[in-house]
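In order, the protein sequence lines correspond to chains U and W. When we follow the numbering used here, the leftmost residue of the first sequence carries the number 408, and every step to the right adds one. When we follow the numbering used here, the leftmost residue of the second sequence carries the number 454, and every step to the right adds one. What follows is a single structure, written as C-alpha cells, with notes after it.
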Amino acid sequence: MIKKITKRKKVISHKTSIIEETIEISPSTSEKIKDGVPASAPEKSNISVISRGKPRKFKGGVHPNDSKALSAASPVQDAPLLDKYRVIVHQNIGAPPEVLVKKGDEVKKGALLAKASGFVSASLHAPTSGTVTAIDKCDGPTGIRVAAIEITADGEDEWGSPFEPIADWQNAEAADLKQRVSDAGVVGMGGAGFPSHVKLSPPPAKPIDTLILNGAECEPYLTADHRLMLEQAEEVVAGAAIFARILGLKSAVIGVENNKPDAIEALKKASAKTNVTVQGLAVNYPQGAEKQLIYALTGREVPIGGLPMDVGCVVQNVASAAAVNDAVVKGHPSIERITTVTGEPLVNPGNWRFRLGTPISKSIELAGGVKYQPAKLLLGGPMMGFAQSSLDVTVMKNTSGILLIPAEQVSQYTSDPCIRCGKCVSCCPMGILPATISQAVENERFDMAAQLNVLACIECGSCSYICPSHRPLNQHFKRAKSEIMAARKKEQKK
Amino acid sequence: MSEETTPAIQLPDPTKLVISNSPHIRGGESISKIMVHVLVALAPAVAAALWFFGLAALQVMVLCTVGCVAVEEIWNKCAKRAPTWKDGSAALTGLLLAMNLSAGAPWWICILGALLAIGLGKQIFGGLGFNPFNPALVARVALLIGFPSLMTSWVVPQAGKFMACDVLTGATPLGASGAAVATIHDLFMGNVGGCLGETSALALVIGGVYLLIKKLIKWQVPVAFIGTVAIISGIVHYFTGMTPTPLYHILAGGLLIGAFFMATDMVTSPMTANGALIFGFGCGLITSVIRIWGGYPEGVSFAILFMNALTPLIDRSTIGKPFGYIRVKAEK
Numbered sequence: 408m409i410k411k412i413t414k415r416k417k418v419i420s421h422k423t424s425i426i427e428e429t430i431e432i433s434p435s436t437s438e439k440i441k442d443g444v445p446a447s448a449p450e451k452s453n454i455s456v457i458s459r460g461k462p463r464k465f466k467g468g469v470h471p472n473d474s475k476a477l478s479a480a481s482p483v484q485d486a487p488l489l490d491k492y493r494v495i496v497h498q499n500i501g502a503p504p505e506v507l508v509k510k511g512d513e514v515k516k517g518a519l520l521a522k523a524s525g526f527v528s529a530s531l532h533a534p535t536s537g538t539v540t541a542i543d544k545c546d547g548p549t550g551i552r553v554a555a556i557e558i559t560a561d562g563e564d565e566w567g568s569p570f571e572p573i574a575d576w577q578n579a580e581a582a583d584l585k586q587r588v589s590d591a592g593v594v595g596m597g598g599a600g601f602p603s604h605v606k607l608s609p610p611p612a613k614p615i616d617t618l619i620l621n622g623a624e625c626e627p628y629l630t631a632d633h634r635l636m637l638e639q640a641e642e643v644v645a646g647a648a649i650f651a652r653i654l655g656l657k658s659a660v661i662g663v664e665n666n667k668p669d670a671i672e673a674l675k676k677a678s679a680k681t682n683v684t685v686q687g688l689a690v691n692y693p694q695g696a697e698k699q700l701i702y703a704l705t706g707r708e709v710p711i712g713g714l715p716m717d718v719g720c721v722v723q724n725v726a727s728a729a730a731v732n733d734a735v736v737k738g739h740p741s742i743e744r745i746t747t748v749t750g751e752p753l754v755n756p757g758n759w760r761f762r763l764g765t766p767i768s769k770s771i772e773l774a775g776g777v778k779y780q781p782a783k784l785l786l787g788g789p790m791m792g793f794a795q796s797s798l799d800v801t802v803m804k805n806t807s808g809i810l811l812i813p814a815e816q817v818s819q820y821t822s823d824p825c826i827r828c829g830k831c832v833s834c835c836p837m838g839i840l841p842a843t844i845s846q847a848v849e850n851e852r853f854d855m856a857a858q859l860n861v862l863a864c865i866e867c868g869s870c871s872y873i874c875p876s877h878r879p880l881n882q883h884f885k886r887a888k889s890e891i892m893a894a895r896k897k898e899q900k901k
Numbered sequence: 454m455s456e457e458t459t460p461a462i463q464l465p466d467p468t469k470l471v472i473s474n475s476p477h478i479r480g481g482e483s484i485s486k487i488m489v490h491v492l493v494a495l496a497p498a499v500a501a502a503l504w505f506f507g508l509a510a511l512q513v514m515v516l517c518t519v520g521c522v523a524v525e526e527i528w529n530k531c532a533k534r535a536p537t538w539k540d541g542s543a544a545l546t547g548l549l550l551a552m553n554l555s556a557g558a559p560w561w562i563c564i565l566g567a568l569l570a571i572g573l574g575k576q577i578f579g580g581l582g583f584n585p586f587n588p589a590l591v592a593r594v595a596l597l598i599g600f601p602s603l604m605t606s607w608v609v610p611q612a613g614k615f616m617a618c619d620v621l622t623g624a625t626p627l628g629a630s631g632a633a634v635a636t637i638h639d640l641f642m643g644n645v646g647g648c649l650g651e652t653s654a655l656a657l658v659i660g661g662v663y664l665l666i667k668k669l670i671k672w673q674v675p676v677a678f679i680g681t682v683a684i685i686s687g688i689v690h691y692f693t694g695m696t697p698t699p700l701y702h703i704l705a706g707g708l709l710i711g712a713f714f715m716a717t718d719m720v721t722s723p724m725t726a727n728g729a730l731i732f733g734f735g736c737g738l739i740t741s742v743i744r745i746w747g748g749y750p751e752g753v754s755f756a757i758l759f760m761n762a763l764t765p766l767i768d769r770s771t772i773g774k775p776f777g778y779i780r781v782k783a784e785k
C-alpha cells in the first residue's frame, strides 16, 4: 500500500504531499482506513482527493434556494451590552456542567459559571461582569424549560478570565493546549454542540491523519460562518493550526462551499504561508454534514454508527477554530459567537456577535424588528433548525442562526400517498430508501425500518424537501430512530 | 443602536408561531405538477392522433378522460373520500387509456375502459400510489381479451381529414404473420393504423425526451426496454430472417409509448436505478418473445403488466448498500 502511494506522489501537486506524508508515517493507519471504504475502491482510499485538487461529489443531495443574499453582505456587528443575560447551563452534547455560582455572587466577564462535569461536558463562563441574580428555569431551544443562570450586568464589562493567554503556542505542549480547549468550554459551534476537546482526544487505537475544518455552511440563509471566514480568516487559520498541533498533525484542510468565493479567497490569503489548505466544495446540500464532508475531501466513508475518528479524521467547525484561537492567543473563554439573524420578514437582516444568554427578542430588535408576522421562528437553518415558540430562548454556543420564515414558505401541507417516484431515493446522501422506510414506520414496523438502515439517516431533511407528496419522511425517521434505540436499551437491561 | 428604544420596532407574536419538524422549507414539487408535465409530454402524440384520425380520435380521448375522472369521483363519493381529481392522475390515466384504443372504438368501450382502469386498476387497491399494475394497461388488456375483434380493428389513417369518422378496417403494422406491412417512413411519421398512441414515433420520442429532461422518468427504463427489443429482434432477424428489422420493431406498435409513458409509471415501476434497468430489460425480453414467437402480434402491454407484478421483488433485491455500510458488516 505504501509503495503505491509513493509512486503516485509524483503526479500529485506539492500542496497535498503533506497530507500524503502523514499517511505514510503510520502504515497501520492505511490498513485500518481500508475497512471504512467500499471494497470496490480500496486502492483509492489512501489517495485523498485533496491531492488531486478536486473534491469528490457525494451521492444525492438537494439544491434549495440558498437565500443567503439577505445577510451575506452585512459585516459582523458587536451586539450592544444588555442589562441582563440568561445563560442556559446545558449548551453541549453530553453531561450538563455543574453550576459553581449561587444567587448574589459577583462575577467578572469570563469567570467560570459552571464546570464540566465529566469528559463529555463543557464548562460555561460569564458573558459579562455583574451579579448572578437568579438560577432558575427558562424556555429552552427544544421547547422544554431548562436551567439557566441570570446575570445582571454591572455595565463595566470587566474581564476576569480564569486563564492567561498562551503567547508562544507554537512551542506549547499539545496537552496544555488541549486542556485550554477544554477549560475554555469550546464546543462544536456549527449546531451539534459537541465538546471540541473530546474530538481532540482520540483513543490510541484510532490514529488520526486528517484534520478538517468545516466551513461548508450548506444550510440556506445562514451566513455567520461565511462572515467569520471572511473577516477573521487569520484567526480561523490559527485555530486550525492549534488543532493540528494538539493532534500532532502537520496540516489541516478547510472545506468551504464554492458559493463563498470571497471567504475562500480570504482564507487562502491567510493560510498562504502555513500548512493549512483551503478547498472549495460543490454547492450541494448537505455538503456540511460531517460524513459527506469527509467523503468529499478524503474519499473515506465513515461507517454507519461510527465517528470520523474511525476513518482517521477529526472535523471541527470554523467558528470553533476561531473560539480556540481566542482561548489560546487571547486567553478568552467561549462566551460569544457570531449568529445570523435573517429572514424575509425582518427589516434589517444581518450578522451579529452575541454574548451567550442574549434573548432572541433582543436579536430581532437589533435586526430592526419584523415587517409582518412570520410563520416560523427557527434556531439554526431551515433544513435542520428547531422551530421556537418563545422569544425568551437565549443565544447558545451552537446558535448559528435565528431565522424568521414567512407564511408562504411554510404553507402547511397535507401529505398525499407515496407515488413511488423515487426522488427521495436518488437524493438521499446516505443511500437508504426513505419512501420504503417511511411506509414501514407508518405500519409501526420498526424492525423493518432498522433492517433498512434507518439508523444511518443523518436527518438532513433532503427527502422531505424533495417529496412531491409532502410526506413527513424526516419525522418518520426521527420517530423510528428513537423507537429502535429505546427498544435496544430495554433489551440491554434484560 | 438607537433602534433598541424606537417604539416602532415590531416583534413577532410568539403565540402565532408554527411549531413543526424540520425541514422547514420545501422544494415546491407536487403530484399535480408531475401529472401536468406528463400531460404536456403527451401533447405531441395527442396532436399526431388528431391529425391522422380526426374527430374520431378526439371523441375517444374525451370519453376516456372524462370517464376516468368521473369514475374516480363517483368512487371517492361512495368511499366517503375527499375528491382527488385535482391531482390530475385520473385524467392522465384516461388519456393514456385513449392512447391505447383504436380511433374506431365505440363509446361504450371507452366508458367500460374507464371503469376498468380506475375501478379495477386503481381504486380497488386503495387509490393513487397503491395500485400494483398500470391502470390504463389493466383496462386495455381486459378489453383486448374481452373484445378481441373490436380491439384489433384499426382505422386507416387519413391525415388532415378531420371529419373522416368512418371506421375502415386496415392492416396492422405488426400482423400476426410477422411480415412488415408499412414503410419505416410511415411508421416514423405516424401514417399507419393502430391505437391512437401507437402511430407517430416522432411525436412519442419528442414527449419522451421532454420527460427525460424534466427528470420525471428514469432513463434506465426506456433505454433498457427499447435496447433489449432491438438486440433480440436484431439477432433473430439477421440469423433467421423470421421477423422484421430491429428499427421496424422499435417504430411499429406500442413499444415507444410503452417504453416512455407506460412502463415509466412511477407507482408501478421500481424506485432504484438498478431496479429500473432490470425492469426495462424484463419488459423488452417479454415483448420480444411475444412479438416473435407468441400468439399475439403485440406484447408490450403484457410485458409491462408482468413486470409490474415483479416490481416489489425487484425493488427489494436492488436496495443499494448505504453510505458507510462495509465496516458494519465486517464487524458483525
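All C-beta atoms in this analysis are idealised placements derived from N, C-alpha and C, irrespective of residue type, glycine included. Keep in mind it's a predicted model, so treat the numbers as computed, not measured.
Whole-number beta carbon distance between residue j and residue i, since they are thought to touch under 8 Å
{"i": "Ala-756/W", "j": "Ser-653/W", "result": "With 8 Å as the limit, Ala-756/W and Ser-653/W do not qualify as a contact, their Cβ atoms being about 22 Å apart."}
{"i": "Ser-807/U", "j": "Val-593/U", "result": "Contact doesn't hold; Cβ gap of about 15 Å is too wide."}
{"i": "Ser-568/U", "j": "His-739/U", "result": "6 Å"}
{"i": "Lys-491/U", "j": "Ala-560/U", "result": "7 Å"}
{"i": "Gly-737/W", "j": "Thr-681/W", "result": "3 Å"}
{"i": "Ser-871/U", "j": "Leu-880/U", "result": "5 Å"}
DSSP three-state assignment for residue i, whether helix, strand or coil
{"i": "Phe-601/U", "result": "coil"}
{"i": "Ser-741/U", "result": "coil"}
{"i": "Glu-664/U", "result": "strand"}
{"i": "Gln-512/W", "result": "helix"}
{"i": "Ile-839/U", "result": "coil"}
{"i": "Arg-593/W", "result": "helix"}
{"i": "Gln-816/U", "result": "helix"}
{"i": "Asp-639/W", "result": "helix"}
{"i": "Ser-424/U", "result": "With a pLDDT of 36 at Ser-424/U, under the threshold of 50, the modelled position of that residue is not reliable, and the figure given next carries that caveat. Note: Ser-424/U maps to helix in three-state DSSP."}
{"i": "Phe-546/W", "result": "Reading off the sequence shown, one finds Thr at residue 546/W, where the question assumed Phe. Residue state, collapsed to three classes: helix."}
{"i": "Cys-834/U", "result": "helix"}
{"i": "Thr-652/W", "result": "coil"}
{"i": "His-477/W", "result": "coil"}
Residue i vs residue j beta-carbon contact at 8 Å
{"i": "Gly-777/W", "j": "Ala-582/U", "result": "no"}
{"i": "Ser-794/W", "j": "Thr-693/W", "result": "Residue 794/W lies beyond the stretch modelled for chain W, which goes from 454 to 785, so this question has no answer here."}
{"i": "Pro-627/U", "j": "Asp-473/U", "result": "yes"}
{"i": "Lys-671/W", "j": "Ala-729/W", "result": "yes"}
{"i": "Val-731/U", "j": "Gly-838/U", "result": "no"}
{"i": "Pro-602/U", "j": "Asn-724/U", "result": "no"}
{"i": "Leu-811/U", "j": "Ser-768/U", "result": "no"}
{"i": "His-877/U", "j": "Asp-823/U", "result": "yes"}
{"i": "Leu-554/W", "j": "Cys-521/W", "result": "no"}
{"i": "Ala-592/W", "j": "Gly-574/W", "result": "yes"}
{"i": "Gly-764/U", "j": "His-477/W", "result": "no"}
{"i": "Met-724/W", "j": "Ile-826/U", "result": "no"}
{"i": "Ser-770/U", "j": "Val-735/U", "result": "no"}
{"i": "Gly-643/W", "j": "Ala-501/W", "result": "yes"}
Min CB distance residue i to chain U below 8 Å
{"i": "Gly-572/W", "result": "no"}
{"i": "Asp-466/W", "result": "yes"}
{"i": "Ser-630/W", "result": "With a pLDDT of 44 at Ser-630/W, under the threshold of 50, the modelled position of that residue is not reliable, and the figure given next carries that caveat. False, the Cβ-Cβ gap to chain U never drops below 8 Å."}
{"i": "Pro-601/W", "result": "no"}
{"i": "Met-719/W", "result": "yes"}
{"i": "His-477/W", "result": "yes"}
{"i": "Lys-575/W", "result": "no"}
{"i": "Ile-487/W", "result": "yes"}
Residue-chain proximity (residue i, chain W), Cβ-Cβ < 8 Å
{"i": "Glu-772/U", "result": "yes"}
{"i": "Tyr-492/U", "result": "no"}
{"i": "Ala-794/U", "result": "yes"}
Proximity test, residue i beta-carbon vs the ligand COA heavy atom, cut-off 7 Å
{"i": "Gly-582/W", "result": "Here there are no bound small molecules, and the ligand COA is not part of this structure."}
Notebook entry, point to check: Unbroken alpha helix (DSSP H) runs of length 4 or more, entirely within the region 689-717 of chain U: which are they?
Noted result: 697-705
- Task: Please go through the region 666-740 of chain W and give each complete alpha helix (DSSP H) segment of 4 or more residues, from N-terminal end onward.
- Result: 673-693, 699-704
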